[in-house]
Amino acid sequence: MLVRRILNVKIMFNLIGRGRWGAWAGVVAAAVLAFVGAMRAGWADQGDPPEVEAQRLAHLMSYVAGDYGGAVADGVVTSQAEYDEQRALIKEAAGIAGRLDAAAKPAGVPVLEVKLATLVGEVAAKVEAKGAESEVAGAATKVRSAALLAFGVSETPKELPNPMRGKNLYHELCADCHGAAGRGDGAKGKGLDPKPADYLREGMEERLAPSRVAATIRFGVSGTAMVPFNQLSEEDRYAIAFYVLGLRHQEAEPVGDGAAYGLSYLATHTDAEIERDLLGAGVEKGRVAGVMADRAGGRLMRTGGWPRWRSRGEGGAGERGARGGGQGAGQGGC
Numbered sequence: 000m001l002v003r004r005i006l007n008v009k010i011m012f013n014l015i016g017r018g019r020w021g022a023w024a025g026v027v028a029a030a031v032l033a034f035v036g037a038m039r040a041g042w043a044d045q046g047d048p049p050e051v052e053a054q055r056l057a058h059l060m061s062y063v064a065g066d067y068g069g070a071v072a073d074g075v076v077t078s079q080a081e082y083d084e085q086r087a088l089i090k091e092a093a094g095i096a097g098r099l100d101a102a103a104k105p106a107g108v109p110v111l112e113v114k115l116a117t118l119v120g121e122v123a124a125k126v127e128a129k130g131a132e133s134e135v136a137g138a139a140t141k142v143r144s145a146a147l148l149a150f151g152v153s154e155t156p157k158e159l160p161n162p163m164r165g166k167n168l169y170h171e172l173c174a175d176c177h178g179a180a181g182r183g184d185g186a187k188g189k190g191l192d193p194k195p196a197d198y199l200r201e202g203m204e205e206r207l208a209p210s211r212v213a214a215t216i217r218f219g220v221s222g223t224a225m226v227p228f229n230q231l232s233e234e235d236r237y238a239i240a241f242y243v244l245g246l247r248h249q250e251a252e253p254v255g256d257g258a259a260y261g262l263s264y265l266a267t268h269t270d271a272e273i274e275r276d277l278l279g280a281g282v283e284k285g286r287v288a289g290v291m292a293d294r295a296g297g298r299l300m301r302t303g304g305w306p307r308w309r310s311r312g313e314g315g316a317g318e319r320g321a322r323g324g325g326q327g328a329g330q331g332g333c
């Protein structure tokens, strides 16, 4: 596959670049990134099965739902570049939706009452009308849920993330652009347009869940230098995703009180959603940062769905559950 071969060349030069051929490798890697970045619709490998296409469609709709507010406010375009990117993503999504509508569906999954292409068209209409962020996000989330439901896809990792593995992979493959601390200030990212994501920037805690970061690693972002790392396993992608989103919590003192957190919940909810749910479950406000540090370090995770939390002084019989909302609700663990 062309994209996969290009990606492998990029990674090879990224690794060689740490040795005596670093300068030359950096030039070649930059050229490869520029070439790949120009391929707006070229991320899909030919012959991807429908369930992978469904994940890609969900990924695109996550970006629209999360980023449209940076392009339009009160019916006015505030960033033409962001608005053009939104329209390009929706155009790509429409093509995928059409293919999925024509594809055979897995046995035993619900039949959609409305075609995916129709649902994407509703998103496009709202974006063209410069509609409210909540309306666009709601329509995009509807497409996302429908695509995953129609093909029986779950984006929850099958295994608990390995924090050390995530850290090592991040510094090997991502830090050159995103920076060692995740602030988007890596040496190779300084000349890129758009710039690499700053994961510690204000507002990111409302936008990013591990499932979205893992999907970005899998599929890349069209029109940018963020190439798809589809040679990585699902476990490795989620290990990186959890590590990345834990960077903002590294300075907090872990609590380590034996509370348990459902992996499917943690994978599909943003930090902001988790913090609100912790408060709603009775966790003292002063302890929330420590609990998030526990999550960031991979401690206290468990397989399964919804979380169990203990307030100070409670024993096992006093565990209280909390239903989470946000992008994971009603989406089959996605």
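Numbering that gives the first Met the number 0 puts the sequence shown at residues 0 to 333.
Glycine included, every Cβ here is placed at the ideal spot set by N, Cα and C.
Of all C-beta pairs linking the stretch 149-159 to the stretch 50-68, three or more are shorter than 8 Å, placing the two stretches in contact. Contact holds between the stretch 261-279 and the stretch 205-220, because three or more Cβ pairs, one in each stretch, are under 8 Å apart. If you draw a 10 Å sphere on the C-beta of Gln-230, you find fewer than 16 other C-beta atoms in it, and that means exposed. Boundaries of the alpha helix (DSSP H) around Asp-66: 49-66. Each of Ile-273, Tyr-82, Val-108 was checked against the Cα of Gly-261, and the nearest Cα belongs to Ile-273. Beta-bridge annotation (DSSP): Ala-72 is paired with Val-75. Taking C-beta separations shorter than 7 Å and ignoring five residues to either side along the sequence, the partners of Tyr-62 in its chain run Leu-88, following chain order.
Under a 10 Å Cβ-count criterion, Lys-187 is classified as buried, with 16 or more other Cβ atoms of the shown protein chains found around its own Cβ. When the beta-carbon positions are compared, Leu-56 and Leu-111 stay at least 8 Å from each other.
Taking the Cα positions, Ile-95 is about 46 Å away from Gly-285. Here Thr-215 carries a helix assignment [DSSP, helix/strand/coil].
As for any alpha helix (DSSP H) of minimum length 4 sitting wholly inside the stretch 95-174, the runs are 115-127, 132-149, 162-172, ordered along the chain.
Excluding its 5 nearest sequence neighbours in each direction, Phe-228 has C-beta neighbours in its own chain below 6 Å: Ile-216, listed in chain order. Contact between Ser-221 and Glu-91 holds, with the beta-carbon distance rounding to 6 Å and staying under 8 Å. Assignment of Phe-228 by DSSP, reduced to helix, strand and coil, places it in the coil class. Between Glu-250 and the set Gly-202, Asp-235, Lys-104, Ala-288, the nearest pair of CA atoms involves Ala-288. In the displayed model, Val-220 falls within coil according to three-state DSSP, outside both helix and strand. Distances from the CA of Asp-192 to each of Ala-214, Ala-64, Glu-81, Lys-129 were compared; the closest alpha carbon is that of Glu-81. Taking 8 Å as the cut-off, the Cβ atoms of Leu-244 and Asp-276 do not count as close. Burial state of His-58 is buried, judged by a 10 Å Cβ sphere holding 16 or more other Cβ atoms.
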